[in-house]
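Chains as they are written, first to last, in the numbering used here: chain W, 11 to 425; chain B, 444 to 567; chain C, 1076 to 1551. Take a look at the structure set out below.
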Amino acid sequence: MKHIDMDVVVIGGGAAGLGAAVRAKEAGARKVGIIERAEQLGGVLTQCIHNGFGLAYFGQDMSGPEYIHRFITRVNELDIETFMESMVLSITPDRVVTAVSRNTGLFSVKAGAIVLSMGCRERTRGNLVIPGTRPAGVLTAGTAQRLVNIEGYIPGRRTVIIGSGDIGMIMARRLYLEGGRVEGVVEIMPYCSGLIRNENQCLIDFGIPLYLSHATVRIHGNDRVEGVTITPIDSEMNIIPGIEKYIPCDTVLLAVGLIPENEISKSAGIVLDGVTKGPVVNEKMETGVPGIFAAGNVVQVYDLVDYVTMAGEAAAESAVDFSQGKRFENKYRITAGNNVTAIGPQWTTGESDFQIRMRVRRPIKKAEIRINGQKLKRVLGTRPSEMMSVDVKQEQLESILNKDKELQVEVLDVS
Amino acid sequence: MEKRVICTVCPNACVIRAYQDASGKVITEGANCKQGEKFAAEEMVNPKRILTTTVRVELDGNHMLLPVRSSDFINKENLHTYMKELARIIVKREVKIGETVYPDICNTGVDIVASTDTSRISQK
Amino acid sequence: MASKKKHVAVIGGGLIGCAAARELSKYDVNVSLIEKEQEVALGVSRASSSIVHPGFRYWKPGTLRAQAVREGLVEIEKLSLELEFPFSTVGEIVVAWDESGIEKIKTLKQQGETNGLTDLTIIGPDELRELEPNVTEEAVAALYSPTAAVSSSFECTIAMAESAELNGADIHCNTTVLEIMKEKDSFIICTDKGEIKADFVINAAGLYVDEIAKMAGSRLPLAPERGQEFIFDKNIGSIVKHMVFPAKGSFVIPTVHGNVMMGTTKEVPEDLRDTQVTAAAWKKVFNSAQTLIPSIRPESIIRGFAGIRPQPEAGDIVIADDVPGFISACSGSPGIQTSVVMAGWIRDRLEKQGLVLKKRVDFVPERKKIRSFAAMTDKEREAAVNEDPLYGHVICRCETVTEAEILEAIKRGARTLDGVKYRTRAGMGRCQGGFCGPRIARILSEQLGIPMEKVQKNVSGTFYVVKKAKELILEA
């Protein structure tokens, strides 16, 4: 078995991983490597051929492949080693990564520090237990995107999309433009869960109906999908009987949520947060296992890739520090209060300025972010689908801690 | 002619309806500011989008898809026509990011350019 | 002069058909198995709870079912070792929390003893808690049966089919029986791929057993029954170690693949293809299961499925031989252990009907399963990749299944996405084929020499994709 030593090993070569690897090299790490299971670097961005990426990071409106191209070029320029088509099998708490590929065989990498950036998987129909038969033609939107944009196959002629998340709306437009019929997007909440820009440019533009406050109660079809039955629900999420609608279609795409992919993290003994489903981290992006850092969607689901890249970079800086001997200690806990969910990081070392990421539980037109009662920021037009952040300065910390030495973050509706 | 949009100028996300009156003047309903009115009017009169799609590539017997984009905004009303046109082509040479794979599509003055190098597309 | 070797045709590639084919392949006869789908095990036999019962539920003296369950328990375990399909003696606990429950478990114990079981015990709350700490605190007593087991109906079917083939049986997939004609002492089976002449016919067509029986002038009426079951994510751990049943209600059992499953229902389906999962059943099963194991959560479910049990109307196992030379067989549930016993009974009936059965000296009882990368040690993995680099190419990320295993599955008869899944576990994990699906479809397309648009999920018509990109838009 081949044994390799590296200063920083990055697991997953998507947006977070590429940002991390490049920054790690720039920050002075000598040997930096990326272990990637696909044939190309870029993660999901290779299949996100639409634009909307890079506005914050590059000040340009780019497609996924264009965004990633910049980083891959840097990876090549910086001599970062890449292990492609390699699957990580396990990680030990003392930072030995075991992986396998057909070219290298089984190999292990002893790392000075690790950055986990495995991204997410998609929630499936089975998770929701949507009643009905299980015909061919039921796919998650991301799988459909791979089929259309990489493999080159259209999953179906007439599609209904369950879930109004961005990937669902993006695929509605994609299938429509590729000659398919999109019969509608079905959303259980009373509001669209993706960006308004996508609602305009993917649905309204093409007359694709958006059924808000509707549940999918049955998928029909023996061999291939034949249709779906949807029904309106009330504010308590109960089905309003008697007015269900049958929509004939041959394909159902699911855009019903992303789940951070942390099986490998668990193998290293990393503790996950029950809400975000990602590792519990501090502001240095370090997990509960010293020397193992995490960034991007594997920590919590982000909306903009630009912030994922920045998270990767932050994790890399911490990782390089660690590999050069620095150690971090968690001091203050950060918790979610009123109207707040999916908060991160969950700890701070108290050593630096940092940013707290969160989502609101419901849309709030005029929101005020407070920590332990102290007003920090006002945000207009907040929605659960758009991650919010608030900056905390290191010198503020002592004054805003509560008696339990915690930072409890809440969002007030001041509309 | 009429158009309904959700305005993206500010987080208020006003739902605005733009339409033409009998004299051909553009009227908007639902906007709370001048920028919103302008946004909705533009969307009705001259809606422009960036087109992103894929085109077929054939290199050394390998058949792949290359992601491409319009080099500039293009009129939204004819997207299907552009898509059909692009569905016909097969790129048979190595291309670098930003290179034009289809110049001046349908006389719009807009080129369709590669979003990545052909050498970086998945060989599957 | 030696007479020509007799030909036995088996219709139906499910548990009974494959068990019969394997049994007959031990003898000096020609065996053909005719299956309408692209692979065996795509009918009834792919969707079941795969419980191997000790015999206190199917116990009535004088019934074939009681006998087959009792004898089958021993035979199927032996077979699982010979054919390397999964089999795990997890034991069963039937829990009671009130008077009627206690009555019920006492009755079950008596029934079991009537059916020959000597190892059933009634245990108290302390022992119960030791065996199953996650069972409801309300439980006061339980029936404990150490020999109950779980297996896998589709892997058992596939293993028996492979073994039959290894021993000379011909398996004709993609072949639908249209008509059966009698010609002197033999049968002409008319299929959509041509005629097959056979001296004896075994009709093991599962849900279609009556339809096929009619073709030969016989009958085997069914009262089909649908059962729905739900599988939990592996990350809930071994929330139960034994099969746990309440005296009345839904079970919570470990599966042989390391998941936990709850079920089941007994409903009348709308038709033979009505395998829908219903909201009503999901609610009923979950609520009942949660009464039994309070810590289960709905978010942990990764899949619901349903199967239709071909229960004979007669209420017992049926082996109908009213038409000479034509034997119809159906057992309903439980299927796995009864199939091997029934194969022996079918063989005996054939002998009675004049088929001379001479044992073959070159019969090979063993069949090796596909070597699983996921189950290997690091050392074994290294060796496997050195021998075959495709053991280093992981395709199914969730279950760590490599390309080498997928290619082997196709070599052994997998033709569909589910066929690969049943033979390798690829697609059974958390993401339910979201990541590996397109890759496996491409491998199938390449290996079978068919366009991607013809790759199927399982049975005929379940196409994975419909058109090449660009062809659809140019069509409009």
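Each residue gets a CB set at the ideal place from its N, CA and C atoms; glycine is no exception.
Checklist entry - If the cut is a Cβ gap below 7 Å, which residues of chain B does L220 of chain W touch? => result Going along chain B, no residue has its Cβ under 7 Å from L220 of chain W, so there is no contact; the nearest lies around 11 Å.
Can you give me the start and stop residues for the alpha helix (DSSP H) that M1235 of chain C sits inside?
S1228 to L1241
task = Answer with buried or exposed for D104 of chain W, where buried requires no fewer than 16 other C-beta atoms within 10 angstroms of its C-beta.
result = exposed
Requested in this report: Label M1076 of chain C either buried or exposed according to how many other C-beta atoms from any shown protein chain fall within 10 Å of its C-beta, with 16 as the threshold for buried.
Outcome: In this prediction, M1076 of chain C has a pLDDT of 46, which is less than 50 and means its spatial position is unreliable; nothing more can be read from the coordinates.
* Residue of W:T226, W:I257, W:T143 and W:S118 minimising C-alpha distance to T169 of chain W -> W:I257
### Message
Determine whether the beta carbon atoms of H79 of chain W and T559 of chain B lie at a separation below 8 Å.
### Response
yes
### Query
How is the beta strand (DSSP E) around C1405 of chain C delimited, first residue to last?
F1401 to C1405
So, with DSSP's three-state summary, where would you put R1517 of chain C? helix
ask   = Within the 8 Å Cβ cut-off, does T613 of chain B reach chain W?
value = The structure shown has nothing for residue 613 of chain B, since chain B only spans 444 to 567.
*asked:* By the three-class DSSP mapping on this structure, what secondary structure does M1076 of chain C have?
replied: The predicted position of M1076 of chain C is uncertain, since its pLDDT is 46 and thus under 50; no value can be drawn from it.
### Query
By the criterion of Cβ-Cβ separation under 7 Å, what are the contact partners of K1545 of chain C in chain B?
R499 and A530
Listing by chain order, which chain W residues have their CB less than 9 Å from the CB of A1551 of chain C? G189
Q. Comparing the C-beta of L390 of chain W with each C-beta of chain B, is any distance below 8 Å?
A. yes
(Q) Considering only the alpha carbon of each residue, which of W:L407, W:R388, W:G335 and W:K413 lies closest to V424 of chain W? (A) W:R388
Paired residues, beta bridge with P1527 of chain C - DSSP
The question names Pro, but residue 1527 of chain C in the sequence shown is Met. DSSP output for M1527 of chain C lists no bridge partner at all.
Using alpha carbons as the reference points, say which of C:T1193, C:R1446 and C:G1390 lies closest to D1552 of chain C.
A question about residue 1552 of chain C goes unanswered here, because the residues of chain C that appear run from 1076 up to 1551.
Near-chain C residues of the segment 393 to 410 of chain W (beta-carbon distance less than 9 Å), N- to C-terminal order: none
(request) Give a yes or no on whether the minimum CB-CB distance between M97 of chain W and chain C is below 8 Å. (result) yes
- Query: Under the rule that 16 or more other beta-carbon atoms within 10 Å means buried, what is A1450 of chain C, buried or exposed?
  - Reply: exposed
(request) Look at the Cβ atom of L1482 of chain C, then the Cβ atom of Y1539 of chain C, and state whether they are nearer than 8 Å. (result) no
Query raised in the report: Going by other Cβ atoms of all chains shown within 10 Å of its Cβ, with 16 needed for buried, is I253 of chain W buried or exposed?
Result: exposed
Q. For I1548 of chain C, which residues in chain B fall below 7 Å Cβ to Cβ?
A. M526, K527 and A530
- Message: Quick check: what's the CA-CA separation for V20 of chain W versus I269 of chain W?
- Response: 20 Å
Q.
Spatial neighbours of V448 of chain B within its chain, please: C-beta separation below 6 Å, excluding the five flanking residues on both sides.
A. I459, A483 and E486
Looking at R371 of chain W: is its Cβ nearer than 8 Å to the Cβ of E416 of chain W? no
Please report the Cβ distance between A1094 of chain C and V1415 of chain C, rounded to the nearest whole angstrom; I am assuming they are in contact, meaning their Cβ atoms lie under 8 Å. 5 Å
Notebook entry, point to check: Can the beta-carbon of P1221 of chain C be found less than 8 Å from the beta-carbon of D1194 of chain C?
Noted result: yes
Who are the neighbours of W1357 of chain C on chain W, taking C-beta pairs under 8 Å? V139 and P141
DSSP state of D104 of chain W mapped onto helix, strand, coil:
coil
Quiz item: Which class does W1357 of chain C belong to by DSSP, given the choice of helix, strand or coil?
Solution: helix
Report the residues of the segment 502 to 516 of chain B with a CB closer than 8 Å to any CB of chain C, ordered along the chain. L508
>> I want to see whether chain C comes within less than 8 Å of D233 of chain W, judged by CB atoms only; does it?
In response: yes
Q | Beta-carbon proximity list for K1552 of chain C, same chain, < 6 Å, skipping 5 on both sides | A | Outside the modelled stretch of chain C, which goes from 1076 to 1551, sits residue 1552 of chain C, for which no answer is possible.
In whole angstroms, what is the alpha-carbon distance linking M444 of chain B and R492 of chain B? 19 Å
inquiry  = Quick check on this structure: which residue in W:P355, W:G279, W:L116 and W:A321 has the alpha carbon closest to the alpha carbon of N1461 of chain C?
reply    = W:L116
Check your understanding: Using 8 Å as the limit for Cβ to Cβ distance, is G162 of chain W near chain B?
Key -> yes
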